[in-house]
Amino acid sequence: MKDYFKPGYMRWFYSPSTFWQNICSSFRWLKYCWQRAFRGYADCDCWEIASYLAEILPPMLRQFKLNLHGYPGWGRASTPEKWDSIIDQIIEGFDAANRVAKDNYFEETNADILIRKPMREEILAWGKASERDQKIFKDKMKVFTKWYFHLWD
C-alpha cells in the first residue's frame with residue numbers, strides 16, 4: 001500500500017525518512033528566518049534572485065502605494081494621481097515577471113491539462129503568453145529604472 005493512502009500524520013511521523021527530512025527542513029526554515037531577521041535575506045533567497053524579487057516587490061510596492069505621503073512633483077509624476085499610475089505600471093511589470101518566473105501558463109488554459117496531453121495550439125498559446133509577459137516586464141522596467149530613486153516616502 002502506498003503512503004498517500006495513509007492519513008497525513010502517519011505519513012509524517014511513522015516513515016523514518018520523511019520524519020527526519022521534516023525535522024531537517026524545520027531547522028533550515030528557522031535558519032532562514034534568522035538570516036532574514038539579521039541580514040535581510042536568506043541563503044535560499046540567493047538561489048534564484050530574479051524570482052525572489054519578482055515575488056516580494058509587488059506586495060511591497062502595493063504597501064508603498066497604500067501608505068504614500070508624497071510624490072516627486074515633476075515630469076510625469078507631477079500629481080499624486082500620476083505618481084499612483086507610475087507605481088501601478090511598475091507593479092504590473094513585476095507581476096508579469098512573477099508569471100514568467102513561475103511559468104504556470106498551462107493553468108490559464110484548461111483545468112484538466114494535468115490529466116491529458118496538451119494540444120499544439122495550447123503550447124503555442126503558452127509561449128505567446130510568456131513572450132507577452134516578458135515584453136510587459138521589459139517595458140515596465142524602463143519606468144522602474146527611471147523612477148527608482150523616487151521610491152521613498
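Okay, so the sequence shown: first residue is 1 according to the UniProt record's numbering, each after it adds one.
Cβ coordinates follow ideal geometry from the N, Cα and C atoms, glycine included.
The stretch 87-104 makes contact with the stretch 128-141; the number of CB pairs closer than 8 Å reaches 3 or more. The beta carbon of ALA42 is closer than 8 Å to those of LYS31, TYR32, CYS33, GLN35 and ARG36 in its chain, skipping five residues each way along the sequence.
Taking all protein chains shown into account, TRP83 has 16 or more neighbouring C-beta atoms within 10 Å of its C-beta and is therefore buried.
In the displayed model, TRP152 falls within coil according to three-state DSSP, outside both helix and strand. The stretch 93-106 makes contact with the stretch 38-52; the number of CB pairs closer than 8 Å reaches 3 or more. Residue burial annotation: PHE144 is buried, with at least 16 other C-beta atoms found within 10 angstroms of its C-beta. The three-state secondary structure of THR79, taken from DSSP, is coil. With a beta-carbon spacing of about 13 Å, ALA77 and TRP152 fall beyond the 8 Å limit used to define contacts.
Straight across, the Cα-Cα distance linking HIS69 with PRO80 is about 9 Å.
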